[in-house]
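In my numbering, the protein residues as written are 7 to 251.
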């Protein structure tokens, strides 16, 4: 059954309106009419909803919440050094399906791509749309927050607000005594919010490594193979799901 995310607070009468593209999708694509049902998500809960009318916006009445547990037990924010091309689109879509809580793109020292202020808002809007559609498809109750792009310095200042900060560092994969990601995950059982930092195609620079180590970040390997910048976050989320779900 198709699901739709609705912003705002649940009203006492439990009657809400679905607007915009979602309303058009219900009425024109799905061709649903009054009396039919869909799933509406508000404030992190999914409800079986009955359509009341589709005259302009789609008005629905929410029933009892559905008892589902679909979110990762850990709130995992993925911080990505800006990659080339449309790789961030892929990361957003697939990481949403795998349970990502938020995405934080940052301009790394080795990022080839640079976002200017005039294009940043449009790009973030696109990523938000991708995340919403992926959350609907994967039957989640939370649409990942897509943060505005930040500098590495800003990323570093935000790191202290997380219970744990992990850096996926490719140089760890080349070391015989590397820190295994499985071992790193074992240390997170008493943590709620986790920030995992991934570099762009060129990796994280020595200067950034030093700053992150000084900030207390945990450096870990994602295995003996070097993963592409768009593959590494998905590997990490899959491993987290295996460990905690």
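Backbone N, C-alpha and C define an ideal beta-carbon position, used for all residues, glycine too. Keep in mind the model is a prediction, meaning the values are calculated, not measured.
- Here DSSP, grouped into helix, strand and coil, assigns residue 177 to helix.
- In this structure, DSSP gives residue 67 an extended state, which the three-state scheme calls strand.
- DSSP, reduced to helix, strand and coil, places residue 223 outside both helices and strands of the structure shown, so it counts as coil.
- Residues of the same chain with a CB within less than 8 Å of the CB of residue 41, apart from the 5 flanking positions on each side, are 56 and 57 in chain order.
- DSSP lists 84 and 172 as the beta-bridge partner residues of residue 202.
- Going by beta carbons, residue 236 and residue 84 fall outside the 7 Å limit.
- Residue burial is scored here from C-beta neighbours: residue 49 has fewer than 16 other C-beta atoms within 10 angstroms and is therefore classed as exposed.
- Using a Cβ distance threshold of 7 Å, residue 165 and residue 204 do not count as a contacting pair.
- For residue 132, the three-state secondary structure derived from DSSP is helix.
- Secondary structure note for residue 247: its alpha helix (DSSP H) is the uninterrupted segment 238-250.
- Rounded to the nearest angstrom, the Cβ distance from residue 54 to residue 9 is 10 Å, too far for a contact under 8 Å.
- Annotation for residue 32: 8, 10, 24, 38, 44, 57, 60 and 64 place their beta carbon closer than 8 Å to its own, counting only its chain and skipping 5 residues before and after.
- Here residue 124 carries a helix assignment [DSSP, helix/strand/coil].
- Taking a cut-off of 8 Å on C-beta distances, the stretch 87-105 does not touch the stretch 187-201, as fewer than three cross pairs fall below it.
- Non-local beta-carbon contacts of residue 149 in its own chain, meaning distances under 6 Å to residues more than five positions away in sequence, involve 11, 137, 138 and 141 in chain order.
- Note that the C-beta distance between residue 172 and residue 202 is below 7 Å.
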